[in-house]
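Quick note on numbering: the sequence shown equals residues 2 to 559 in our numbering.
Each remark here refers to the structure printed beneath this line.
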Amino acid sequence: MKIAVEGCCHGELDKIYETIGYLEKKEGVKVELLLCCGDFQAARNEGDMMCMAIPPKYRSMQTFYKYYSGEKKAPVLTVFIGGNHEASNHMQELPYGGWVAPNIYYLGYAGVVRYKGIRIGGASGIFKSHDYRRGHHEFPPYNPNTLRSVYHIRNIEVFKLKQIEMPIDIFMSHDWPRGIYHYGSTAELLRKKKFLRQEVESNSLGSPAAEELLAHLQPSYWFSAHLHVKFAAVMRHPPKANAAPRVTKFLSLDKCLPYREFLQIVDVTERPGSSEGLEYDPEWLAILKSTNSLQSTALHPWNPPENNGLHERWDFTPSEAAMLQVVKDLGGDLAIPDNFSRTVQPYDPNKPQPHTTPSCNINPQTTELCATLGLTDLYAHVGQGGGDLSRIQGSTGGDDDGESADEPSEYPTDTSGLSSSYNPDEITIEDEWEEEEGKEEAEGGCNPPSAVKGDNLSDVPVGEVQTPGRMVLPAPKSDTSPTDLSHPMNLPPPSHSTPAVACAGAEREEHCEDDEDEASRTLKRTSDEAEAPGSKGTTPRIKRRNQVIYTTVEDDDE
2 MKIAVEGCCH GELDKIYETI GYLEKKEGVK VELLLCCGDF QAARNEGDMM CMAIPPKYRS
62 MQTFYKYYSG EKKAPVLTVF IGGNHEASNH MQELPYGGWV APNIYYLGYA GVVRYKGIRI
122 GGASGIFKSH DYRRGHHEFP PYNPNTLRSV YHIRNIEVFK LKQIEMPIDI FMSHDWPRGI
182 YHYGSTAELL RKKKFLRQEV ESNSLGSPAA EELLAHLQPS YWFSAHLHVK FAAVMRHPPK
242 ANAAPRVTKF LSLDKCLPYR EFLQIVDVTE RPGSSEGLEY DPEWLAILKS TNSLQSTALH
302 PWNPPENNGL HERWDFTPSE AAMLQVVKDL GGDLAIPDNF SRTVQPYDPN KPQPHTTPSC
362 NINPQTTELC ATLGLTDLYA HVGQGGGDLS RIQGSTGGDD DGESADEPSE YPTDTSGLSS
422 SYNPDEITIE DEWEEEEGKE EAEGGCNPPS AVKGDNLSDV PVGEVQTPGR MVLPAPKSDT
482 SPTDLSHPMN LPPPSHSTPA VACAGAEREE HCEDDEDEAS RTLKRTSDEA EAPGSKGTTP
542 RIKRRNQVIY TTVEDDDE
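Structure (structure tokens):
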């Protein structure tokens, strides 16, 4: 089964689907699933754009609204997680996941689903220590603080994911697990992103929460984005008990822009006897049920229950009976229903309404799931002025120590942005949209095709990871390593490349080679927007790297 993995989407759905379509025609393959690793930007109308942490001058509707309105339908089943540039009011409608448009599924704050027997998990947002222990207290209209804190991952989601015991095939996070850069070509990473050197050398780059999840889940594949660079790594985990060591292949990809490595095709073996569509995962739903009373919508910090004599229960790993009860609750059918429904009026390019107020709606999908499983709709709870769920529902676990919200997290360092080194993706939000034109782009815009060596992901033995199909509970964790990623391929210039100055008909192709893999394809958007050959001036050339993506008719006043 061919699965396409995409880095930061930034609302460029049309171009991503066009690129996949081009590949399918050229190679004679069929991509069955698209995974997007955050910054999806599911903006339905102008009100949603007010809920995105993006400078006003870069706010643009992009193309998601076409899929939301029904003007278009995603040609490939798409599953995504949230990043740090999202229409947060839309995402909050679906805390446990759901359809944001026909054939486009959001995993929620954290989630696990199945597709053709493949277990796919993910965690939305990025790590920030000062919000990590708080509840999901944000609600529109957001202030400058909650506009950003709303996309910060919380310890309750990590705690839920750590209750998983059965094997995970694929996991997605927006920011990287801390330390993963030590398992790949660190020198190549620092050549591309020099400003990361201090964090890499101090081992403070990335999310400690994701690092914790990587050690616990040990998935076959882990996909990320956020840093706008392709990077691959292979991590061998220490063996657990008597099991053989497991291996995780990590891949981070760029965003959808010209000359960027933003898409890769992975071959994954589907499970015999599995269903065709997207399915709920019984283990995950059982975890949601058992941890429902632990959830919080309060500002004060919360600690997960531990085996320290202070909590009645600290282990929420679901039993087989609990998983079978979930299947019974769903009427024996794990298929995720096609119950998408619009909750706001979609954007109409013929009748723009730039002063649309951000919406605060309850989503029927969440209401239905909560009613079926006995869960709490966190968004509705906050909107109704609700407090801590643990007090209301009589939690048997979780510390509420009454500490100040400013007390440090259990993680001593805010590893995603407190370093003194310059990181355009996190330190200053304005800076994310500007960077100096790289030497490779400046010199290669109209040059003949050139080859760039890619990341080698096949240093581990090939094996089969076996998980069950529909409504069959998986066996304990496998001790086999993941299947290989395939060989990168060349992508000729697609028709949707960014319009630019004429370039004497020359076209640029770049591809990455992997000496040992056999079927991986790395795709790059191409463009003729660079300077003509030889036109090197003495004045440094600066470009806004999201100039095409984030353009508006006129700038908004802050």
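Built from N, CA and C at the ideal position, the CB exists for glycine as well.
What residue ranges within the segment 92 to 146 form continuous beta strand (DSSP E) runs of no fewer than 3 residues, ordered along the chain? 99 to 102, 105 to 107, 111 to 116, 119 to 124
From the DSSP output, in three-state form, read off H312 for me. In the sequence shown, the residue the question calls residue 312 occupies position 311. Note: H312 maps to coil in three-state DSSP.
Is there a C-beta anywhere in chain C that falls below 8 Å from the one on A322? Among the chains in the structure shown there is no chain C, since it carries only a single protein chain.
Determine the burial state of G8: buried for a count of at least 16 other Cβ atoms within 10 Å of its Cβ, exposed for fewer. To locate residue 8, count along the sequence shown from 1; it is residue 7. Burial call: buried.
What residue from E33, L279, K3, E313 has the CA that sits closest to Y106's CA? The residue labelled residue 106 in the question sits at position 105 within the sequence shown. The shortest C-alpha separation from Y106 is found at L279.
Which residue's Cα is closest to the Cα of S320: G333, W303, A287, P302? On the sequence shown, residue 320 is found 319 positions in, with the first residue counted as 1. Looking at the Cα atoms, A287 is the closest of the given residues.
Using a Cβ-Cβ cut-off of 7 Å (strictly less than) and excluding sequence neighbours within five positions of K74, which residues of its own chain qualify? The residue labelled residue 74 in the question sits at position 73 within the sequence shown. Contacts found: Y68, P103, N104.
Suppose the cutoff is 8 Å on Cβ atoms and the five residues either side in sequence are ignored; what does the same chain contact list for A323 look like? On the sequence shown, residue 323 is found 322 positions in, with the first residue counted as 1. Excluding positions up to five away in sequence, the list reads A287, K290, S291.
Proximity winner among Y182, G12, H137, relative to K231 (alpha-carbon distances): The residue you call residue 231 lines up with position 230 of the sequence shown. Comparing Cα positions, the closest option is Y182.
Starting from A234, follow the beta strand (DSSP E) in both directions and report where the run begins and ends. Position 233 of the sequence shown, counted from the first residue, corresponds to residue 234. For A234, the enclosing beta strand (DSSP E) begins and ends at 232 to 237.
D378 burial status per 10 Å Cβ neighbour count (16 or more: buried): Along the sequence shown, read from residue 1 onward, the residue named residue 378 stands at position 377. By the 10 Å Cβ count, D378 comes out buried.
Leaving aside the five residues before and after P142 along the sequence, list all residues of the same chain whose C-beta is less than 7 Å from its C-beta, in chain order. Here the question's residue 142 lines up with position 141 in the sequence shown. Once the five neighbours on either side are set aside, the close Cβ partners of P142 are P359.
Any idea what DSSP makes of Y222, helix, strand or coil? For this step, residue 222 is matched to residue 221 along the sequence shown. Annotated three-state conformation of Y222 is strand, per DSSP.
Taking 7 Å as the cut-off, does the CB of G185 come closer than this to any heavy atom belonging to the ligand GDP? Annotation note on the ligand GDP: not contained in the displayed structure, which lists no ligands.
Indicate the three-state DSSP secondary structure (helix, strand or coil) for Q265 in the structure shown. Translated into positions along the sequence shown, residue 265 becomes position 264. Of the three classes helix, strand and coil, the one that applies to Q265 here is strand, per DSSP.
Hey, quick one: how far does the beta strand (DSSP E) through M2 stretch, first residue to last? Your numbering for residue 2 matches position 1 in the sequence shown. Counting along the chain, M2 sits inside no beta strand (DSSP E), nor does DSSP assign it H or E at all.
Sequence-distant residues of its chain with Cβ nearer than 6 Å to T64 (five each side left out): Walking along the sequence shown from the start, residue 64 turns up at place 63. The residues are L14, D15.
Same chain, Cβ closer than 6 Å to T397, neighbours up to 5 away in sequence not counted: Looking up residue 397 in the sequence shown gives position 396. The pLDDT assigned to T397 is 41, lower than 50, so where the model puts this residue is not dependable, and the model offers no usable value.
Would you check if the segment 212 to 231 and the segment 132 to 146 touch, i.e. whether three or more CB-CB distances between them fall below 8 Å? no
Would you list the one or two residues that DSSP bridges to E280? The residue given as residue 280 occupies position 279 in the sequence shown. E280 pairs with R115, A336.
In terms of residue numbering, what span does the alpha helix (DSSP H) encompassing L14 cover? On the sequence shown, position 13 is the one that residue 14 refers to. Where L14 is concerned, the enclosing alpha helix (DSSP H) stretches over 14 to 28.
Just tell me which of Q326, F196, A5, S174 has its CA closest to the CA of Y23. The count along the sequence shown starts at 1 and reaches residue 23 at position 22. Minimum Cα distance to Y23 is reached at A5.
According to DSSP, is V345 helix, strand or coil? Here residue 345 refers to the residue found at position 344 when the sequence shown is read from its first residue. Three-state result, V345: coil.
Expressed to the nearest angstrom, what Euclidean distance is found between the alpha-carbon atoms of E158 and K26? Reading the sequence shown from its first residue, position 157 is the one you call residue 158. Reading the sequence shown from its first residue, position 25 is the one you call residue 26. About 40 Å.
Exposed unless 16 or more other CB atoms sit within 10 angstroms - verdict on Q354: Mapped onto the sequence shown, residue 354 falls at position 353. Classification of Q354: exposed, given that the 10 Å Cβ count is below 16.
Within this structure, are the beta carbons of S130 and D176 separated by less than 8 Å? By 1-based counting over the sequence shown, the position of residue 130 is 129. By 1-based counting over the sequence shown, the position of residue 176 is 175. Contact flag unset, no.
Quick one, are the C-beta atoms of Q219 and T249 less than 8 Å apart? The count along the sequence shown starts at 1 and reaches residue 219 at position 218. The count along the sequence shown starts at 1 and reaches residue 249 at position 248. In contact: Q219 and T249 (Cβ atoms closer than 8 Å).
Does K3 pass the burial test, meaning 16 or more other C-beta atoms within 10 Å, or should it be called exposed? Along the sequence shown, read from residue 1 onward, the residue named residue 3 stands at position 2. Classification of K3: buried, given that the 10 Å Cβ count is 16 or more.
Between V151 and the rest of its own chain, which residues show a CB-CB distance below 6 Å, the 5 nearest in sequence each way excluded? Indexing the sequence shown from 1 puts residue 151 at position 150. Here the set comprises S89, E139.
Within 10 angstroms of its Cβ, does H356 collect 16 or more other Cβ (buried), or is it exposed? Position 355 of the sequence shown, counted from the first residue, corresponds to residue 356. Classification for H356: exposed.
What residue ranges within the segment 134 to 215 form continuous beta strand (DSSP E) runs of no fewer than 3 residues, ordered along the chain? 171 to 174
Thinking just about the alpha-carbon of each residue, which of G71, G122, V269, S61 is nearest to the one in F81? For this step, residue 81 is matched to residue 80 along the sequence shown. It is G122.
Which partner residues of E7 appear in the DSSP bridge assignment? In the sequence shown, counting from the first residue as 1, residue 7 sits at position 6. C37, L264.
Beta-carbon separation of V77 and H91 under 8 Å? Taking the first residue of the sequence shown as position 1, residue 77 is located at position 76. Taking the first residue of the sequence shown as position 1, residue 91 is located at position 90. No. Outside cutoff.
Which two residues bound the contiguous alpha helix (DSSP H) that contains V383? Numbered from 1 along the sequence shown, position 382 holds the residue referred to as residue 383. First-last of the alpha helix (DSSP H) with V383: 379 to 384.
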